[in-house]
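Participant: The opening position of the sequence shown corresponds to residue 1 in the UniProt record's numbering, with each subsequent residue numbered one higher.
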Amino acid sequence: MSLNINKADVVIVGAGASGLMCAAVAGQRGRKVLVLDHAKRAGTKILMSGGSKCNFTNYEISARNYFSNNPHFCKSALKQFSQWDFIEIINRYNIPFEEREHGQLFCINSAVDILDMLLAECKKGFVEFQMNCAINDIALCCNNTQFFESMTSEHGNQNEKSHCKGVDNAISHCKGVDNAIDSIHSGFNISTDKGIFYAKSLVISTGGLSIPSSGATPFGLKTAEKFGISIVPPRAGLVPLTLQPGDKKIFSDLSGIALEASVICTKHTFRENILFTHRGLSGPAILQISSCWNPGDEIMIDLLPDLNLFELLVEQKKRNPNKKLKTVLSKILPKRLISALLPVSLEEKSLQEISLKTCGDVSNMLQKWRLKPGGTEGYRTAEVTLGGVDCNEISSKTMESNKIKGLFFTGEVLDIAGWLGGYNLQWAWSSGWCAGQTV
Ligand code: FDA
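#1: Below 8 Å on the Cβ atoms is my guess for S291 versus G237; work out the distance and round it to an integer in Å.
#2: Please classify Q104 as buried or exposed, where buried requires at least 16 neighbouring CB atoms within 10 angstroms.
#3: Count the other CB atoms, across all protein chains shown, that sit within 10 Å of the CB of S401; report buried if there are 16 or more and exposed otherwise.
#4: What first and last residue would you give for the beta strand (DSSP E) that runs through N389?
#5: Spell out a yes or no on whether the segment 183 to 199 and the segment 388 to 396 are touching, meaning 3 or more CB-CB pairs, one atom from each, closer than 8 Å.
#6: Less than 7 Å separating the beta-carbons of P321 and I257?
#7: Which of helix, strand or coil does DSSP assign to D85?
#8: Do you know how far the Cα of M48 is from the Cα of K7?
#9: In three-state terms, what does DSSP make of L140?
#10: Output the distance between the C-alpha atoms of G16 and S205, rounded to the nearest integer angstrom.
#11: Would you decide whether C164 is buried or exposed? Buried here means 16 or more other CB atoms lie within 10 Å of its CB.
#12: For A23, I'd like the list of residues in its chain whose CB is within less than 6 Å of its CB, leaving aside the five on either flank, ordered along the chain.
#13: Report yes if the CB atom of I301 is closer than 7 Å to the CB atom of W369, and no otherwise.
#14: Judging by CA-CA distance, which residue of I286, I250, F129 and K323 is the nearest neighbour of A382?
#15: Look up A111 in the DSSP assignment and say whether it is helix, strand or coil.
#16: If you draw a straight line from the C-alpha of R235 to the C-alpha of Y423, how long is it?
#17: Considering only DSSP beta bridges, list what W369 is partnered with.
#18: Whose C-alpha, out of Y59, V384 and D253, is nearest the C-alpha of L281?
#19: Please confirm if the segment 213 to 228 is in contact with the segment 350 to 362, defined as three or more CB-CB distances below 8 Å between the two stretches.
#20: Taking all protein chains shown into account, decide if G406 is buried (16 or more other Cβ within 10 angstroms of its Cβ) or exposed.
#21: Given this structure, state the Cα-to-Cα distance separating V112 from G51, to the nearest angstrom.
#22: What I want to know is whether the C-beta of M48 ends up closer than 6 Å to one or more non-hydrogen atoms of ligand 1.
#23: Return the CA-CA distance between G27 and D9, expressed in angstroms with no decimal places.
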């Protein structure tokens, strides 16, 4: 696509979910919008999402579905642009979708439908794109003269303007001028390998750190840091958990077994499938709980969430005293799993040979299975990044920085991470829409 502008009302860095939404909204409000991205094509994670069917939102969305150091932050944006607003656009484009369990909405055809829709909305707003674009530097411009030296520049001129060469210097210099940076700077210079672009508003929509091979970078976090905006330390979320070496030895043979379970960690409970893998545990319930898990935490798993195993064993003990424990258990759990969890000596015993206390112990082993994971698989396989730009420094209504006027952050780069189930994309749509209304 040929580039017609080097001066825009709005430059958005990141042509992903939130950046495209922001671009479409701002463009349709009449703003001159330029989107920059280092990737070859827009919306890589949208295309990967939901096993390429894009779980684009959820019928049930509230602040309780999100993790953040500021749990109230997401409320305003989710209200201003809700799941119903996104569904309305989907319907306008006649995109076929279906509801799966837990209110999750997926495309019937392909995630491409969602990306095409966003690009069509951008086209309506005459949004320009510069893909394959490496961003070298961002600098504030003062008093309508684009005079700030590079934020990262080592050398400035000796005249007064060049005192503003670094962000820290810029802030202190500007404070010295009239005590408020927002009344000083008039925009941003974005220098790239495709030239220098100027914008009144700059939106950072560069997403989280997960799946580096998809083009994820810490650009957004670094930009925030350079502008003196705090960061909540990032870590991988919605990610498989790995096992400690001892447990790995025992459980790696179970690879491939999947079953519905209830998983608890730090007061959060998720009931969905768990999956044993070569490295540890995965499946939706584990991915969900991984976002509440911190190194050293124990997780507790109920492998039979619909059952009171103790009552069942007591009843069977009365009715079928000669039955072996493993025969009873193998009707309700995979045999390989029972063998891994229970001592062989116990498995082979008949029900009449085991005491009521042992029935209780067996129930606890299977319904209150306590496990201390060794770690997570990290950003390589994580679906989302927890932490990010500190929401306490951002307006929850507009996504604008409180400190640097005209600087916005949207989507996953912020310290908001949703549950599995369409919540992260909805956050991208909602936050992108709010910024798009304001830039
Ligand atoms: P997003 O990641 O979409 O976009 C960031 C953009 O910034 C990219 O285009 C990238 O190239 C660009 N960029 C990064 N660094 C840059 C730099 N230095 N210079 C220039 N450009 C740069 N969520 C959900 O709700 N439902 C789902 O089904 C799924 N499924 C899913 C599957 C997989 C495999 C993953 C990894 C993630 C999901 N997610 C999901 C999460 C969801 O995809 C994610 O939260 C949103 O895409 C975040 O939107 P953003 O706009 O914040 O970033």
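The beta-carbon is built from N, C-alpha and C at its ideal position, and this holds for glycine as well.
Facilitator: The short version:
#1: Reading the sequence shown from its first residue, position 291 is the one you call residue 291. Reading the sequence shown from its first residue, position 237 is the one you call residue 237. Here S291 really is in contact with G237; their C-beta atoms are around 4 Å apart, less than 8 Å.
#2: Here residue 104 refers to the residue found at position 104 of the sequence shown. Under this definition Q104 is a buried residue.
#3: Here residue 401 corresponds to residue number 401 of the sequence shown, with the count starting at 1. Burial call: buried.
#4: Walking along the sequence shown from the start, residue 389 turns up at place 389. In the sequence under discussion, the amino acid at residue 389 is Val, which differs from the Asn named in the question. Membership of V389 in the beta strand (DSSP E) is indicated by the continuous run V384 to V389.
#5: The answer is no - the segment 388 to 396 does not touch the segment 183 to 199, with fewer than three Cβ pairs under 8 Å.
#6: In the sequence shown, counting from the first residue as 1, residue 321 sits at position 321. In the sequence shown, counting from the first residue as 1, residue 257 sits at position 257. Cβ distance not < 7 Å, so P321 and I257 don't count as in contact.
#7: Translated into the one-based positions of the sequence shown, residue 85 becomes position 85. Helix.
#8: The residue given as residue 7 occupies position 7 in the sequence shown. The residue given as residue 48 occupies position 48 in the sequence shown. Each residue's Cα considered, the two are about 33 Å apart.
#9: By one-based count along the sequence shown, residue 140 stands at place 140. Strand.
#10: In the sequence shown, the residue the question calls residue 16 occupies position 16. In the sequence shown, the residue the question calls residue 205 occupies position 205. Rounded to the nearest angstrom, the two C-alpha atoms are 7 Å apart.
#11: Walking along the sequence shown from the start, residue 164 turns up at place 164. Residue placement at C164 cannot be trusted, given a pLDDT of 35 that sits under 50; the coordinates are not used to answer.
#12: By one-based count along the sequence shown, residue 23 stands at place 23. Within the same chain, A23 has close Cβ partners I12, V33, V35, C122 and V127.
#13: Residue mapping note: residue 301 aligns to position 301 of the sequence shown, counting from 1. Residue mapping note: residue 369 aligns to position 369 of the sequence shown, counting from 1. Their beta carbons are under 7 Å apart, which means I301 touches W369 by this criterion.
#14: If you number the sequence shown from 1, residue 382 lands on position 382. Ranking the options by Cα distance to A382, first place goes to I286.
#15: As a first step, residue 111 is located in the sequence shown; it is residue number 111 there, counting from the start. Correct three-state label for A111: coil.
#16: Position 235 of the sequence shown holds residue 235. Position 423 of the sequence shown holds residue 423. Distance between the alpha carbons of R235 and Y423: 18 Å.
#17: Within the sequence shown, the letter at position 369 stands for residue 369. Answer is I301, bridged to W369.
#18: Numbered from 1 along the sequence shown, position 281 holds the residue referred to as residue 281. Selected option, being the one with the closest Cα: D253.
#19: Counting Cβ pairs under 8 Å, fewer than three are found: no touch.
#20: If you number the sequence shown from 1, residue 406 lands on position 406. The Cβ neighbour count for G406, taken over all protein chains shown within 10 Å, is at least 16; the residue is labelled buried.
#21: In the sequence shown, counting from the first residue as 1, residue 112 sits at position 112. In the sequence shown, counting from the first residue as 1, residue 51 sits at position 51. Annotation: V112 to G51 spans about 12 Å, alpha carbon to alpha carbon.
#22: Residue mapping note: residue 48 aligns to position 48 of the sequence shown, counting from 1. Yes; taking the cut-off as 6 Å, the Cβ of M48 has a heavy atom of ligand 1 nearer than that.
#23: Working through the sequence shown from its first residue, we reach residue 27 at position 27. Working through the sequence shown from its first residue, we reach residue 9 at position 9. In a straight line, the C-alpha of G27 is about 10 Å away from that of D9.
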